[in-house]
Amino acid sequence: AKRPIPQLAQIFISMLNKLIDDCDTPLSPPKAWHAPNELDLMRDKLRKSTLQSVKAEAIVLRDTATNLNEAVNKIEDFVATIKIITIEPQSSMPNIIVWMISNEKRIAYYSFPANELLYSENDEMKGKNCGKIVSVALKYPIVNEKKRKLVLPAVLSLKLWLSLQVESSAWYHLQDGEQIVCAETYENQTKMISTWTSSGTPWSDISGEIPLNKEDFILSRGWQWDGDWYISQETGMLLDKNPSNTSDMVEIYECLSRTVPGECWTLSSKPWTDMKGDPAQEKSSVILPEGWKWDDDWKIDLNRAVDEEGWEYCVDAAVGGYGPIEKPYNLYRRRRWARTRTYIQEIFRRKEIEEGQEKLEVQGWEYAPLFQTKFHVDRRAMDMVRRRRWHRKMISVGNRESFYMSVIRKGTIDDIEQGSEYTTTLVAPINFLYISAAHDYQLRAYIYQARDLIAGDESGLSDPFARVALLNYSMATVMQKETLSPTWNQTLIFDAVKIYRDPDVVEDTPPEIYIELFDYDSFGKPDFLGQTCAQPMVKLDSSDARTPALQWYSIKRLDQDGGELLAAFELIMITEKTLPFLPPKIGDLYCVPTGIRPAMQRTGIEILCWGVRNMKKYQMSSVTSPSIRFECSGHVLNSSLIKDTRKNPNFSENML
Numbered sequence: 001a002k003r004p005i006p007q008l009a010q011i012f013i014s015m016l017n018k019l020i021d022d023c024d025t026p027l028s029p030p031k032a033w034h035a036p037n038e039l040d041l042m043r044d045k046l047r048k049s050t051l052q053s054v055k056a057e058a059i060v061l062r063d064t065a066t067n068l069n070e071a072v073n074k075i076e077d078f079v080a081t082i083k084i085i086t087i088e089p090q091s092s093m094p095n096i097i098v099w100m101i102s103n104e105k106r107i108a109y110y111s112f113p114a115n116e117l118l119y120s121e122n123d124e125m126k127g128k129n130c131g132k133i134v135s136v137a138l139k140y141p142i143v144n145e146k147k148r149k150l151v152l153p154a155v156l157s158l159k160l161w162l163s164l165q166v167e168s169s170a171w172y173h174l175q176d177g178e179q180i181v182c183a184e185t186y187e188n189q190t191k192m193i194s195t196w197t198s199s200g201t202p203w204s205d206i207s208g209e210i211p212l213n214k215e216d217f218i219l220s221r222g223w224q225w226d227g228d229w230y231i232s233q234e235t236g237m238l239l240d241k242n243p244s245n246t247s248d249m250v251e252i253y254e255c256l257s258r259t260v261p262g263e264c265w266t267l268s269s270k271p272w273t274d275m276k277g278d279p280a281q282e283k284s285s286v287i288l289p290e291g292w293k294w295d296d297d298w299k300i301d302l303n304r305a306v307d308e309e310g311w312e313y314c315v316d317a318a319v320g321g322y323g324p325i326e327k328p329y330n331l332y333r334r335r336r337w338a339r340t341r342t343y344i345q346e347i348f349r350r351k352e353i354e355e356g357q358e359k360l361e362v363q364g365w366e367y368a369p370l371f372q373t374k375f376h377v378d379r380r381a382m383d384m385v386r387r388r389r390w391h392r393k394m395i396s397v398g399n400r401e402s403f404y405m406s407v408i409r410k411g412t413i414d415d416i417e418q419g420s421e422y423t424t425t426l427v428a429p430i431n432f433l434y435i436s437a438a439h440d441y442q443l444r445a446y447i448y449q450a451r452d453l454i455a456g457d458e459s460g461l462s463d464p465f466a467r468v469a470l471l472n473y474s475m476a477t478v479m480q481k482e483t484l485s486p487t488w489n490q491t492l493i494f495d496a497v498k499i500y501r502d503p504d505v506v507e508d509t510p511p512e513i514y515i516e517l518f519d520y521d522s523f524g525k526p527d528f529l530g531q532t533c534a535q536p537m538v539k540l541d542s543s544d545a546r547t548p549a550l551q552w553y554s555i556k557r558l559d560q561d562g563g564e565l566l567a568a569f570e571l572i573m574i575t576e577k578t579l580p581f582l583p584p585k586i587g588d589l590y591c592v593p594t595g596i597r598p599a600m601q602r603t604g605i606e607i608l609c610w611g612v613r614n615m616k617k618y619q620m621s622s623v624t625s626p627s628i629r630f631e632c633s634g635h636v637l638n639s640s641l642i643k644d645t646r647k648n649p650n651f652s653e654n655m656l
């Protein structure tokens, strides 16, 4: 929109010329033998006549257009017309569904139409997402319409491909790195008093239920081993630490106990613990790590199921089951203290990630209280099991009969009674895409303002802030108090964003940026106001003089309109060249630079505020003394108060 009119006209004419040429391209006939029915013939006739009609209108528009805005509206009509004839009413291919599974439950999904992923040697007939890395927002399965969840379950980046078996070789030429196939097994150990033992199932799959000893793997014909078994750390656990999260809340629990029901409360054997019950330092002794600063003082969290002093009660801390009401038989109580800190030096964040990587590379162990719970790198007092992952590479030689491996092991008692001394299990190998080098980028998110947001508080207003997420990085803006049209005027800078893709691929299909808006609460989770997504302007050369333009993005909360966000984004590849100058600062925050921020001018607004009619009841009571609050761009103006609408429903001052 910021380009000069002659340049926009040239782009417009080039686009119409391309459309006219594409309308003359013959439609592809069906492959192999096909007996067309009456519907096929009529649909083919409709498509050809529609394309010729679009072509004729495009020629007229190219020769007679004088207003670009009107011409763009006409082109949008062309797009809608072409989309109608692309629908295949006789498609028999089902959708491809990606499920997210946790504890054997399907918790989220995304459905791809088959035609979007279908491969063809002709690029013009290939699905638009075939073999491309795309970011998709998963959805919750809707079981009960009243229990629909508002927030996104996850954003998934993936590359999918759908083709005939004979065309699968083309898939391997699309990979950006080395494709590795390997067998996988986990070494499991259980803690007995003070030592780790291999009782139970010492070698198994990731669930810990299927025994998979190293020596029991037998490869199918066409495969052979490449090297010996080696420890392969699950480095994805380190991604739990958000590299761009600059704000964090430290929590600690004050604990009291008593030995006899009804007696006075005294200090527990562990007077200060973390959420899991492990011993922790007293709040005045908590040391702030290097690179952080405190934002406020310690506060008791009262915004939970607790009593008026913040205590929650239970019979035994090891069992749990806390409640807000003190019962005579309760022997344990605790309350949560919280304090917010902010990260001020990125170098220390990188050091934390590197230290976590070193811990994982020493022996490769992951710890958890039970095999069914989540594993982590740092060992904790409650951890009773540990595991580490082993891999062994496989390579293909000649014709492959099967992708699966066989695992032969001694049968159980039931198997032996049925006459089978050994049992065989088919196991699928693990398929990795190994990319040795990652490219660093800097993301600059220019968040200027929002309008018509959803009210999150009972006052009819919100305390909104925006959270911007790219891959596993995220940052948040400051909170604006009591407004539905906040102006942040803030630039969020993501330093050293690692993207494991070819730079040309990133430029062609940049990763999606998701922006979520929340209503801030002092304690507890913030209220979700809606989300939107955007694509950044990609600059592979830091000397690129282009500047992104602010755009309005529609905010949605499920099917509800949640307002609009005015923002712009640019993704700059970090090379040996100097990056563009950082935006100016207002206090500790970067603001939106002048070339991107809209030009402002002073304006005046006159409001004729006459009166009210037919006021509805509020909280079962009649509204008799209302006033009106007007807000525009952060400026607030209040009307006078009507003393009694039953006597006079008009305001005493009409002009504001």
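Numbering (full-length UniProt numbering), first residue to last: 1 to 656. For every residue, glycine included, the Cβ atom is placed at its ideal position computed from N, Cα and C. Quantities reported herein were computed from a predicted structural model and do not represent experimental measurements.
Quick one: Cα of E507 to Cα of I572, how far?
-> 10 Å
Give the secondary structure of W265 by DSSP, where H, G and I count as helix, E and B as strand, and everything else as coil.
-> coil
Would you decide whether M394 is buried or exposed? Buried here means 16 or more other CB atoms lie within 10 Å of its CB.
-> buried
Indicate whether residue 658 and V315 have their beta-carbon atoms separated by less than 8 Å.
-> Nothing can be reported for residue 658: it is not among the residues displayed for the chain, which extend from 1 to 656.
What do you reckon, are the CB atoms on I447 and A469 nearer than 8 Å?
-> no
Inside the stretch 53-139 only - beta strand (DSSP E) runs reaching at least 3 residues | 96-102, 105-112 and 133-137
Name the DSSP beta bridge partners of S474, please?
-> A469
Neighbourhood of L637 by C-beta distance below 6 Å, restricted to the same chain and skipping five residues each side | F630 and L656
Kindly identify the DSSP beta-bridge partner or partners of L589.
-> I586
Residue(s) in a DSSP beta bridge with I300 | W337
Please check the pair L608 and N654, which I expect to be a contact at CB under 8 Å, by giving their CB distance rounded to whole angstroms.
-> 6 Å
Alpha-carbon spacing of Q224 relative to R392, whole angstroms = 10 Å
Count the other CB atoms within 10 Å of the CB of S268; is the residue buried (16 or more) or exposed (fewer)?
-> buried
Terminal residues of the beta strand (DSSP E) in which Y434 lies | I430 to Y434
Can you check DSSP and say which residues form a bridge with R629?
-> N638
Could you give the distance in angstroms between the alpha-carbon of T342 and the alpha-carbon of W294?
-> 6 Å
R646 in three-state terms, based on DSSP | coil
From E251 to Y473, what distance separates their C-alpha atoms?
-> 23 Å
Through-space distance from L453 to Q459, alpha-carbon basis = The identity of residue 459 in the sequence shown is Ser, whereas the question assumes Gln. Approximately 14 Å, taken between the alpha carbons.
Residue span of the beta strand (DSSP E) that contains F528, given as start and end = D527 to A534
Could you tell me if T477 is buried or exposed, where buried requires 16 or more neighbouring beta carbons within 10 angstroms of its beta carbon?
-> buried
In angstroms with no decimal places, state the Cα-to-Cα distance between S284 and V143.
-> 47 Å
What residue from W390, N614, E178 and I193 has the CA that sits closest to L433's CA?
-> E178
If you run the structure through DSSP and keep just helix, strand and coil, what is Q449?
-> strand
Rounded straight-line distance, which links the Cα of F78 to that of P126 = The residue you asked about is not Pro; residue 126 is Lys in the sequence shown. Looking at the two C-alpha atoms, the distance is approximately 22 Å.
Length of the line joining the Cα atoms of K539 and E512 = 15 Å
Are the Cβ atoms of S204 and L212 separated by less than 8 Å?
-> yes
Across which residues does DSSP place S554 in a beta bridge pair?
-> E564
Three-state secondary structure assigned by DSSP to I416 = Confidence in I416 is poor, its pLDDT being 49 and thus under 50, which makes the residue's placement too unreliable to answer from.
Check whether the Cβ atoms of E290 and W272 lie closer than 8 Å to each other.
-> no
Exposed or buried, which one is I416 when buried takes at least 16 other CB atoms within 10 Å?
-> Confidence at I416 is low in this model, with a pLDDT of 49, below 50, so the placement of that residue should be treated as unreliable; the coordinate-derived value is given next. With fewer than 16 Cβ atoms within 10 Å of its Cβ, I416 is classed as exposed.
Using 8 Å as the threshold, is the stretch 547-559 in touch with the stretch 529-536, meaning 3 or more CB pairs across them?
-> yes
Taking the continuous alpha helix (DSSP H) assigned at A496, which residues delimit it?
-> It is not in any alpha helix (DSSP H) - A496 instead sits in the beta strand (DSSP E) that spans T487 to I499.
Exposure label - S111; buried when at least 16 CB within 10 Å | exposed
Straight-line gap, T190 to T423 (C-alpha atoms, nearest Å) = 26 Å
For Q601, which three-state DSSP category applies?
-> coil
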